[in-house]
Amino acid sequence: MRIVGFHHVKFGVTDIATTERFATDFGLKTVETRNGVLYMKTAGGDAYNYVAEPSDVRRFLGMAFAVEDISDLEQAVRDHGATPIVAIDGPGGGYSVSLTDPEGQCVWLVTGIAGEHLPVSHRPLALNVPDARTRFNAAQSTRALQPAHLFRLGHIGLYVKDFATMAAWYERVLGLKASDTMFAGEPDHKIAGFFRIDRGADYVDHHVVFLAQWGKTDAHHISFEIEDFEAQFIAHRWLESRGWKPNWGVGRHPLGSHVFDVWFDPDGYRFETFSDTDLVNNQHQGGNYDVKEAQMDLWSSESPERYFA
Ligand SMILES: [Fe+2]
């Protein structure tokens, strides 16, 4: 099966109007509300990246990966017991099948959804560093205090009860590859890992799925690509001014290298921006790290509890 990208996530939310207000401030754009279901997107080419439907209690409803074509859906039905192929009732149409991972999370495979890029006017930072001057007779690009420009849905972090079983399923069924893992005690007792899409020699993000053993099964965070670290500081200031609740950041992860900034949505799920991620391919040499020594933010000495609890 050839996964080409991460397409969307779906949540049940307790107050859809407040969720839409938060997600709009975060940088997502509303595509439409269809039968009470809210579809929102980044400026990237996907028809939508975030889907929310009303729910009595907050819940993570699943995640969708784009595959190359319908033959991948047929293969998922044949080889992995996916549900029959159906036409998607959502913006841009398309087709999907659904799988259930070993801890009951819904994983959709989708293809043929017609989406389009939204126009974004932004100027990359031109940095003057000691060995490479790039900006002359010009001030640094400034960013307005407003919702961020988001370019795509990049990855999801999941709490899992049994890392080994979940990791094996995501590797076997979705073909994901471990980029880095963490262990507790003995090196073969792995409890967390970063998994990337396998595109062979083509470069992909360091991870599309992060699994962390934490005594429950749920979404931990969803992460969207933003321009750069300065856009993240500006977005941070903007979200603060709008009264939303920060969780962590702006910081830099040692594994995957990306700069990240994490906020709580109105139901307490984490929304993250990331920039400057590592790109890796099948030549990547992964590591297995002792979780006791793991640092999650190179720019902070605080221990990681607040990021996970
Ligand atoms: Fe992340």
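Residue numbering for the sequence shown follows my numbering, beginning at 2 and increasing consecutively. Note that beta-carbon positions come from the ideal geometry of N, C-alpha and C, so glycine has one too.
With contact defined as three or more Cβ pairs closer than 8 angstroms, the segment 86-102 and the segment 114-123 are in contact. Residue burial is scored here from C-beta neighbours: K178 has at least 16 other C-beta atoms within 10 angstroms and is therefore classed as buried. In this structure, the beta-carbon distance from H207 to L280 falls below 9 angstroms.
The straight-line gap separating the alpha-carbon atoms of D229 and R124 is approximately 11 angstroms. Distances taken from the Cβ of G28 to the heavy atoms of ligand 1 include none shorter than 8 angstroms.
Note on N50: 16 or more other CB atoms within 10 angstroms of its CB, so buried under the neighbour-count rule. DSSP places H237 in the helix class (H, G or I) of the three-state scheme. For the segment 26-84, the full-length beta strand (DSSP E) segments reaching 3 residues or more read 30-35, 38-42, 51-55, 60-68 along the chain. For Y160, there is no enclosing alpha helix (DSSP H); the residue is part of the beta strand (DSSP E) that begins and ends at 151-161. Distances taken from the Cβ of S224 to the heavy atoms of ligand 1 include one shorter than 8 angstroms. Taking C-alpha positions only, A168 is separated from G194 by approximately 8 angstroms. Contact between V263 and G244 is ruled out by a C-beta separation of about 17 angstroms, above the 8 angstroms threshold. For Q106 and F211, the gap between their C-alpha atoms comes out near 14 angstroms. Residue burial is scored here from C-beta neighbours: A67 has at least 16 other C-beta atoms within 10 angstroms and is therefore classed as buried. By the C-beta density criterion, H190 is exposed, having fewer than 16 other C-beta atoms within 10 angstroms. In the DSSP assignment, S242 is bridged to no other residue. Counting every other CB atom within 10 Å of its CB across the protein chains shown gives T274 a total of 16 or more, marking it as buried.
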